[in-house]
Structure formats: C-alpha cells, structure tokens
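Here is the structure we will look at, set down as structure tokens.
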C-alpha cells in the first residue's frame with residue numbers, strides 16, 4: 050500500500066541505451082501507481098530517442114555536458130540545469146544512476162522526497178537510499194525504488210522500447226528497400242557495438258551466432274548500430 054501521493058515526479062537517468070531500457074518497468078510501475086502524477090525524466094540528450102516516445106513520461110528535461118570537464122562553461126551548464134529543475138517544484142526526485150552529480154542535483158532540486166544510491170557516502174543527499182547489489186538483474190536493481198515507495202513491483206517486468214509512427218514508417222521503408230523482414234522468415238537484429246570497446250562481444254562470436262541462427266532457424270539478420278559500428282558490421 051502506498052504511504053504518500055506524489056503529484057510531480059522527476060526521474061534522473063543519464064545512462065546508456067541499455068540501462069534506459071532496463072529502467073522502463075520502474076517507469077511503468079510509477080505511472081500505474083500514481084496515474085494522477087506528472088512524471089518528468091531527465092536524460093542524456095544523446096540517448097533520448099530510445100525513450101522519448103514513452104506514454105508514461107509527460108515531459109523530458111535533456112541533460113548535456115557543456116564544455117570540457119571543470120571548465121567555466123561546464124559549471125554554467127550545471128547551474129542552468131539546477132535552476133530548471135528547481136523551478137518545477139518536484140514532490141519526488143529519483144536518481145537512477147550511481148553518480149555523484151545526480152546525487153547532488155537531487156539534493157539541490159528542493160524535493161522533500163529523494164531516492165537514490167548510497168555508495169561512496171552519496172546517501173547523505175537522499176531521504177531514502179539503497180546500496181547497489183552486484184548479483185541482481187538490472188530490472189530488479191531499479192525496482193528497489195518502487196519497493197521503497199511500497200509499490201507493487203509484480204505488475205509486469207517486461208521491457209519496452211517506445212517508438213512513434215514516424216519511426217515505424219522509416220523502419221518499414223528501410224526493410225522494404227533492402228528486401229528483408231517481409232517474408233515468412235523471422236527477422237533478428239544484432240547490435241554489434243557499444244559505447245565502450247570493453248562492452249563489445251568479439252566479432253567472431255557474432256559470426257558464429259549469425260550462422261547458427263540462419264542454419265537452424267532460417268531467419269533473416271540485420272545489423273544494428275551507428276556509424277562507429279559500420280566496420281564491425283562488414284566484418
């Protein structure tokens with residue numbers, strides 16, 4: 050049972066694409082538990098496309114790093130950002146990243162209820178906090194926030210990638226142009242890259258997986274990624 054009703058909630062998450070997708074069950078639980086609430090999300094502008102069509106989020110506040118680290122431009126950007134979130138007068142702020150800046154921004158937001166991670170003494174910036182656990186799926190990792198709020202986390206834990214009609218049309222036209230994905234064979238996308246090289250699966254593993262999928266299941270395969278992944282896809 051919920052102890053409080055929140056009318057304006059801010060979720061702060063400047064993480065990468067995969068982490069944003071893992072946070073979608075929590076976002077859905079918040080919206081279903083507080084249907085009257087206006088839910089805002091502050092995200093990194095470079096990963097916005099993966100979630101900006103979400104029906105559970107009413108407004109996005111984009112966070113971008115201006116100027117080099119520790120420069121005057123960087124601190125000016127931080128000041129403008131803090132001013133923007135304070136103006137919203139949030140009831141609840143949730144920091145979904147184990148990050149010192151998010152902890153500080155949460156505290157400076159002016160919200161009476163602030164939930165986030167306690168590692169490296171960051172718990173002092175929050176009213177409620179939890180410690181990261183390594184042996185836990187990322188979905189359950191983020192749903193700890195819902196447990197702090199006494200919300201039902203068993204509604205459904207499915208992940209969501211939110212796309213709009215324009216994006217659907219682009220995808221359909223792309224597949225038609227390249228003559229894939231419209232026959233009886235299933236279409237599987239393989240994302241061959243990542244922001245950091247250490248996160249990338251070896252190319253040979255993708256080759257082995259792709260061959261296995263084609264030989265055993267008769268699927269069509271399409272490679273996903275940005276310009277930086279083009280060379281890996283051709284290999």
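Residue numbers (this note's numbering): 50 to 284. Just so it is clear, CB atoms sit at the ideal spot from N, CA and C, and this is done for glycine as well. Computed from a predicted structure; not experimentally measured.
Comparing C-alpha positions only, which one of the options sits nearest to residue i?
i: residue 81; options: 206, 279 and 171; result: 206
i: residue 257; options: 239, 123 and 246; result: 239
i: residue 267; options: 236, 252, 242 and 245; result: 236
i: residue 276; options: 244, 259, 202 and 251; result: 244
i: residue 133; options: 248, 69, 203 and 155; result: 155
i: residue 160; options: 128, 146 and 136; result: 136
Short check: CB of residue i to CB of residue j, under 8 Å?
i: residue 90; j: residue 151; result: no
i: residue 94; j: residue 112; result: yes
i: residue 92; j: residue 109; result: yes
i: residue 54; j: residue 210; result: no
i: residue 241; j: residue 255; result: yes
i: residue 208; j: residue 73; result: yes
Report the rounded CA-to-CA distance for residue i versus residue j, giving the unit in angstroms.
i: residue 107; j: residue 85; result: 11 Å
i: residue 50; j: residue 196; result: Caution is warranted here: a pLDDT of 43 is assigned to residue 50, below 50, making its placement in the model unreliable, and no coordinate value can be reported.
i: residue 143; j: residue 178; result: 10 Å
i: residue 233; j: residue 271; result: 15 Å
i: residue 269; j: residue 261; result: 12 Å
i: residue 281; j: residue 176; result: 45 Å
i: residue 264; j: residue 83; result: 48 Å
i: residue 64; j: residue 75; result: 15 Å
i: residue 166; j: residue 218; result: 40 Å
i: residue 149; j: residue 220; result: 38 Å
i: residue 67; j: residue 79; result: 20 Å
i: residue 259; j: residue 203; result: 35 Å
i: residue 157; j: residue 229; result: 50 Å
i: residue 215; j: residue 69; result: 21 Å
Give me, in chain order, the residues of the same chain whose beta-carbon lies closer than 6 Å to that of residue i; leave out the 5 immediate sequence neighbours on both sides.
i: residue 59; result: 89, 139 and 142
Please find out if some non-hydrogen atom of the ligand ATP comes closer than 7 Å to the beta-carbon of residue i.
i: residue 131; result: For the ligand ATP, the structure offers nothing, since it holds no ligand at all.
Identify every residue that forms a DSSP beta bridge with residue i.
i: residue 93; result: 112
i: residue 177; result: 164
i: residue 128; result: DSSP output for residue 128 lists no bridge partner at all.
i: residue 269; result: 236
i: residue 57; result: 87
Going by beta carbon distance, what residues of the same chain come within less than 7 Å of residue i, once the five residues before and after it are set aside?
i: residue 56; result: 85, 86, 87 and 140
i: residue 153; result: 174
Within the same chain, show all residues whose beta-carbon is closer than 8 Å to that of residue i, passing over the 5 residues directly before and after it, in chain order.
i: residue 117; result: 123
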